[in-house]
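Have a look at the structure below before the remarks.
There are 2 protein chains.
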Amino acid sequence: MSQINVGIIGYGNLGKAVEEILRTRKEFKIVAIFSKRKFVKSQYEVKVDRLDNLEKYKDKIDLLFLCAGSYDGVEKIGNEIIKDYSFIDSFDTHSKLYDYISKLDLIAKERETVCLNACGWDPGILSLVRLLFNSISPSYFTANCFWGSGVSQGHSQAIRQISGVENAIQYTIPYKAIIKKCKKLCDYTPDSTVKHKRLCFVSVSNNIDKQKIKDEIVNIPNYFKGYKTIVKFVSNKKILDKQKKLYHKGIVIRNFEILDKFKTQLEFRLNTKSNPHFTAEIMIMGALAVYKLKQENKFGAYSLFDIPLKYLTNCDYEKIIKSNL
Amino acid sequence: MSQINVGIIGYGNLGKAVEEILRTRKEFKIVAIFSKRKFVKSQYEVKVDRLDNLEKYKDKIDLLFLCAGSYDGVEKIGNEIIKDYSFIDSFDTHSKLYDYISKLDLIAKERETVCLNACGWDPGILSLVRLLFNSISPSYFTANCFWGSGVSQGHSQAIRQISGVENAIQYTIPYKAIIKKCKKLCDYTPDSTVKHKRLCFVSVSNNIDKQKIKDEIVNIPNYFKGYKTIVKFVSNKKILDKQKKLYHKGIVIRNFEILDKFKTQLEFRLNTKSNPHFTAEIMIMGALAVYKLKQENKFGAYSLFDIPLKYLTNCDYEKIIKSNL
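Quick note, the sequences are listed as chains A and V, same order. Read in order, the letters of the first sequence correspond to residues 157 to 481 in this note's numbering. Read in order, the letters of the second sequence correspond to residues 157 to 481 in this note's numbering.
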């Protein structure tokens, strides 16, 4: 495989993590980082350009890592860049994914590009595990998923969008008693709001009505509405400290009784010290698939469900089979 | 999807489990069971025919479940039936898989059939998990896999092939201390023979040289050679009792440090009260993929690595995305 020339759109935690890891991978070459903000400087002296200038790079870039925030960035940018570029994102607003991918697929097929969407930790790896677990003995109750304890970047960013909020970090915390119950029973699939609480540390500008901010946070649809949400107002310094440790965890559990008599338990656990770096690793893995699909003229928008797992690795087929099957 | 007409080859534990589960699935209709043995009778009054008569069913069967034993049956039968039938198997001799699938692929493409091979619990589900785990952050050590404690059908059958052996059951037992070490360290991937011991209960005919049988068992390549293997000679009655509980477990663990600083742990656990029934469920899941691939004229021999996960379920695409992504 020849070297893959890539660009990175967005230079927050995720964009920086993608850059940091790609520098250690000889299969990839970072051509430029694109940002909406002025005066952004790469931590590794990679060229940074304004997103408006992206069109100048058409012939220089094989694929883009779209690392903008899901809350307001990915969808809008994705719908635009697909016209000329293949790309990968980790868009995480579950409720919007079907429409997003369907729309992209039409454009990608017409413009002969490829994108892989929702390719992060969740949606992403945890989704693959859920679909696999749920496809086995499908007559029974579906898998239970737990997130945390850990930092959700999407939820933190959703809070930061609120006017008057200076900085924020959000911890998703699963209820241990519910995990235990889900591991034991075969017919218990409570709603996500029953399984988790959300703890938010928020710093605000002076003279801001904190109660109003709090009300706004707990009512953000898809992110907080329906969850037990605790909001704590703290200094920005305290949040900056907490942002140094962006760990996260995830669990998928499925229990069923084959023929109502043979109990079977499937469990997946993920525990990472850095959610942005783990998400970056998943996107880089997915980028190999985007590149290969493009080379094979298999244009369109994909989720991880649409791609054979062998596309996610650089190994040749014989090695894949001999080392893993 | 119209009803899928299937046949089952082999009527041991696995064939019986496939039959038992398929009867509860309205997407499938069992046309006949095929056996090499005379006087086999279905537990549910399904038609039983001799394997030699298979050719009479060409127009009546969409796909075959190949449930013969891996030790001497699957490979031979698979290479024959692929000429006229699409089929699925759970062939489990890891060292032979690449050659087996490569050979089948040539014939399948020529004869316009489809087969999905090595689609059981391991190789199968555990292989998918291994490849997924190993594709993330691939610069580091690969995943560790543990089997058991539980009954391995393949190993039990390998013992039963020995002349003079009346019946046998084999338990694969992982060393707990090694599991613990693998969960802790990022750079420890001991050989499978270091991670497990094998406990065999064997009943033999009268006047048999037990030491000779024992020597034969511990030296079976791919199955026992290199493992600490304990052989206990017991009555057939005792083995028949043990064969009522064919439970099994499996673990895949992968630890790595992204950029040598962010520790990440991935863990998968499977625990089933019936290995044959769980394997049957995996094969039935895979059979949906075989059927769809055939309908789409995508002829060839596949492993689970070659198939997008969405092929493994009956749900429509919108539901797959909305319920799992």
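For glycine and all other residues, C-beta sits at the position ideal for the given N, C-alpha and C.
By the 16-neighbour rule on beta-carbons within 10 angstroms, residue 450(A) is buried. Listed along chain V is no residue with a C-beta nearer than 8 angstroms to that of residue 243(A); the closest approach is about 18 angstroms. A distance below 8 angstroms separates the beta carbons of residue 306(V) and residue 403(V). By the neighbour-count criterion, in which 16 or more other beta carbons inside 10 Å mark a residue as buried, residue 317(V) falls on the exposed side. The alpha carbon of residue 197(A) has as its nearest neighbour, out of 217(A), 179(A), 180(A) and 168(A), the alpha carbon of 168(A).
The closest CA to that of residue 221(V), considering only 247(V), 199(V) and 342(V), is found on 247(V). Assignment of residue 435(A) by DSSP, reduced to helix, strand and coil, places it in the helix class. Distance from the CA atom of residue 193(A) to the CA atom of residue 208(A), rounded to whole angstroms, is 11 angstroms. DSSP, read as helix, strand or coil, puts residue 317(V) in coil. Looking only at 319(V), 297(V), 437(V) and 398(V), the smallest Cα-Cα distance to residue 411(V) is reached by 297(V). Checking the DSSP bridge columns, you'll see residue 222(V) partnered with 165(V) and 245(V). Annotation for residue 374(A): 380 and 385 place their beta carbon closer than 6 angstroms to its own, counting only its chain and skipping 5 residues before and after. Contact note: residue 434(V) reaches chain A through 414 and 420, using a C-beta cutoff of 7 angstroms and chain order. Scanning 330(V), 158(V), 431(V) and 242(V) for the CA closest to the CA of residue 268(V) turns up 242(V). Note that the stretch 437-448 of chain A does not touch the stretch 360-373 of chain A; fewer than 3 beta-carbon pairs, one per stretch, sit closer than 8 angstroms.
When 9 angstroms is used as the limit between beta carbons, residue 348(A) is near no residue of chain V, the shortest such separation being about 13 angstroms. Look at residue 262(A) here: in three-state DSSP terms it is helix. Unbroken alpha helix (DSSP H) stretches of 4 residues or longer found wholly inside the stretch 371-441 of chain A: 392-398, given in chain order. Our two residues, residue 281(V) and residue 253(V), have alpha carbons roughly 15 angstroms apart in a direct line. Contact of residue 474(A) with chain V is assigned, a C-beta pair being separated by under 8 angstroms. Under the criterion of beta carbons closer than 8 angstroms, residue 360(V) and residue 315(V) do not qualify as touching, at roughly 10 angstroms. Taking 8 angstroms as the CB threshold, residue 378(A) stays off the interface with chain V. Secondary-structure assignment with DSSP links residue 326(A) through a beta bridge to 356(A). In the structure shown, residue 462(A) falls within a helical segment according to DSSP collapsed to helix, strand and coil. Listed by position along chain A, the residues whose Cβ is nearer than 9 angstroms to that of residue 180(V) are 295 and 415. Residues of the same chain with a CB within less than 7 angstroms of the CB of residue 233(V), apart from the 5 flanking positions on each side, are 165, 222 and 224 in chain order. Residue range 184-191 is occupied by the beta strand (DSSP E) that includes residue 191(V).
Looking at 455(V), 431(V), 456(V) and 446(V), the one whose alpha-carbon comes closest to that of residue 304(V) is 431(V).
Nearest CB-CB separation between residue 286(V) and chain A: below the 8 angstroms threshold.
Shown here, residue 257(A) sits in a helix according to DSSP, grouped into three states. By the neighbour-count criterion, in which a residue is buried when 16 or more other Cβ atoms sit within 10 angstroms of its Cβ, residue 231(V) is buried.
Taking 8 angstroms as the CB threshold, residue 480(A) lines the interface with chain V.
As DSSP reads the structure, residue 204(A) sits in a beta bridge with 189(A).
Using a CB distance cut-off of 8 angstroms, residue 423(V) counts as an interface residue toward chain A. In the three-state reduction of the DSSP assignment, residue 300(V) falls in the strand class, which pools E and B. A Cβ-Cβ distance of about 5 angstroms is found for the pair residue 324(A) and residue 312(A), placing them in contact under the 8 angstroms criterion.
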